[in-house]
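> Here's a structure for you.
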Amino acid sequence: MLGYVMVGTNDIDKSAKFYDALLAELGVKRTMEHDNFIVWGGEDGATSFSISKPHDGNPATVGNGTMMALFAPSHEMVDKIHTLALELGATCEGPVGPRPEYDEKFYAGYFRDPEGNKLNVFHFPPS
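Note that the working numbering has the sequence shown beginning at 43, numbered continuously upward.
Here's what the structure looks like:
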């Protein structure tokens, strides 16, 4: 459904290092790179993730209520990605664990990247 998502950055090099390490754990690599933006994607051509300096030249800011969610193939991978994000400079927005208030099978952890963008890593097995 979605082609790509993009978050703003004021320090493209710092953000690139963060996402290179984080997304590599999910088997995702850079697929496009320019002076003002970088794109990561998988070989399947599904949704891509991008960071970008704002086109209008103003500082990047965080959207209130905006969040990207990264799918992980297992609870163990959710744990690993969340831990790695924190080690890479993210801040915890919600510890890893089950979220029965959403669904008994939904397992997730929430964090903000070094720029303040909110992300979640989750596992939700098919019914």
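From the three backbone atoms N, C-alpha and C, an ideal C-beta is built for every residue, glycine too.
Under the three-state reduction of DSSP, which class applies to His165: helix, strand or coil?
If DSSP states are grouped into helix, strand and coil, His165 belongs with the strands.
> Starting from the N-terminal side, write out each stretch of the alpha helix (DSSP H) that is 4 residues or longer and does not extend beyond the stretch 75-163.
Fully enclosed alpha helix (DSSP H) runs of 4 or longer: 117-129.
> Closest by CA to Thr133, which one among Gly139, Lys160, Met109?
When each option's Cα is compared against that of Thr133, the closest is Lys160.
> Starting from the C-beta of Phe153, find all residues in its chain whose C-beta is less than 7 angstroms away, skip the five residues before and the five after it, and write them out in chain order.
Same-chain partners within the cutoff: His124, Ala127, Leu128, Ala132, Thr133, Cys134, Glu135, Leu161.
> Quick one: Cα of Pro167 to Cα of Lys147, how far?
The alpha-carbon atoms of Pro167 and Lys147 are separated by roughly 7 angstroms.
> Alpha carbons only, please: which of Val49, Asp155, Lys95 is nearest the one belonging to Met76?
At residue 76 the sequence reads His, which differs from the Met that was named. For His76, the nearest C-alpha among the options comes from Lys95.
> Assuming Val49 and Ile93 are in contact, meaning their beta carbons sit under 8 angstroms apart, how far apart are those beta carbons, in whole angstroms?
Rounded, the Cβ-Cβ distance is 6 angstroms, consistent with contact.
> Check whether the Cβ of Leu130 lies closer than 6 angstroms to any heavy atom of the ligand PLP, and answer yes or no.
In the structure on display, the ligand PLP does not appear, and there are no ligands present to speak of.
> Mark Asp145 as exposed unless 16 or more other C-beta atoms lie within 10 angstroms of its C-beta, in which case mark it buried.
It counts as exposed.
> Determine the direct distance from the alpha carbon of Pro140 to that of Gly122, and round the result to whole angstroms.
For the sequence presented, residue 122 should be read as Lys rather than Gly. Cα to Cα, the separation comes out at about 15 angstroms.
> On the DSSP bridge assignment, give the partners of Lys71 in chain order.
According to DSSP, which records beta bridges pairwise, Lys71 is partnered with Gly83.
> Using the Cβ count rule (16 or more neighbours within 10 Å means buried), how would you classify His165?
By the neighbour-count rule (16 or more Cβ atoms within 10 Å), His165 is buried.
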